[in-house]
Structure formats: C-alpha cells, structure tokens
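Report on one structure; see the data block that follows.
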Amino acid sequence: RAYHLNGNNSLRRLTTDHTMAARLVEAGLLQPDEVSSSPKRKRHYRYLGQAGRIPVDLFQCEVAVDDLILLCTDGLWHMLPDERLRELLVKSRGTDPQSMAHSLVDTANLAGGDGNISAIVIRVQ
Numbered sequence: 006r007a008y009h010l011n012g013n014n015s016l017r018r019l020t021t022d023h024t025m026a027a028r029l030v031e032a033g034l035l036q037p038d039e040v041s042s043s044p045k046r047k048r049h050y051r052y053l054g055q056a057g058r059i060p061v062d063l064f065q066c067e068v069a070v071d072d073l074i075l076l077c078t079d080g081l082w083h084m085l086p087d088e089r090l091r092e093l094l095v096k097s098r099g100t101d102p103q104s105m106a107h108s109l110v111d112t113a114n115l116a117g118g119d120g121n122i123s124a125i126v127i128r129v130q
C-alpha cells in the first residue's frame, strides 16, 4: 500500500489492494470491516515477482513540503490498522524517515509480526 499523511495529519490510502478480499469488497460481497478476518485477505492476484507482464497502477496526488508518503507491505497494515499507522506517523513526524520506518516495522512485529513486514517513509522536500 501507499499512504499520504498531509500537513493536517490526515492519512489517505493512495492504492488499492490486489487481493481477493478487496475484490469481494468492491463487488459488495464482503464488508470492509470483515477483510481483516477473511482468509482471502492474503490471496493476491497481482504481486512483485509474478510471472509475465504485470500492469502497473499509476496515480497522482498533490503533496506539500513535509508531507509523508508511506510505502508498505501487507505485513505492516495487517498488524497496524490505518488509524494506528496515522497515530504512529504523527507521533514520530519530527524524526528522520528511516527511523520512522524502523519504528513502524518494530511496532508491527510487537503486535504479532504476521508475515513480511517492510516499510519505506518518504518526507517531501
């Protein structure tokens, strides 16, 4: 996923998950609050390392100086819901992006560490 934290500390998800659970939500067959407990949440239909050509999602968003962009794997957001991610990013906003990313990964591991947990934090300059 990609997230944008703006100067008002509002966190917005920029990307759509490439999972069967996300498709079921889009089709109205699964409620958004049911995704975290659905076995289909880890069934990816598009991923890095997949054979063949993979379509790339492109998007644009307006950013300002000191806004934050978070890129992360599902291991992070499975352990830390969006509101918790927002709280942690806001709390550590004054630190360097690498330390912020390490802190997010450490917090997700302490929450149960389910799967690959990777994070990159980018501060807009």
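The sequence shown begins at 6 in our numbering and counts up by one. Quick reminder that beta carbons are idealized off the backbone N, C-alpha and C, glycines included. Note that this is a predicted model, so its numbers are computed, not measured.
Original post:
Can you tell me the Cα-Cα spacing of Ser15 and Cys77, whole angstroms?
Top reply: In a straight line, the C-alpha of Ser15 is about 18 Å away from that of Cys77.
Original post:
Can you check whether the CB of Ser97 is closer than 8 Å to the CB of Ser108?
Top reply: Yes; because the gap between Cβ atoms is below 8 Å, this pair is in contact.
Original post:
How about Arg126 and Leu85: do their beta carbons lie closer than 8 Å?
Top reply: Sequence inspection shows Val at residue 126; the Arg mentioned does not correspond to that position. No, the pair does not count as a contact, with Cβ atoms beyond the cut-off.
Subject >> Whole-Å CB distance - Trp82 paired with Leu90, under 8 Å assumed >> reply: Between Trp82 and Leu90, the beta carbon gap of about 7 Å places them in contact (Cβ cut-off 8 Å).
Original post:
Which whole runs of the alpha helix (DSSP H) in the stretch 22-80 are 4 residues long or more, in chain order?
Top reply: Taking only runs of at least 4 residues, the alpha helix (DSSP H) segments lying wholly in the stretch 22-80 are 25-31.
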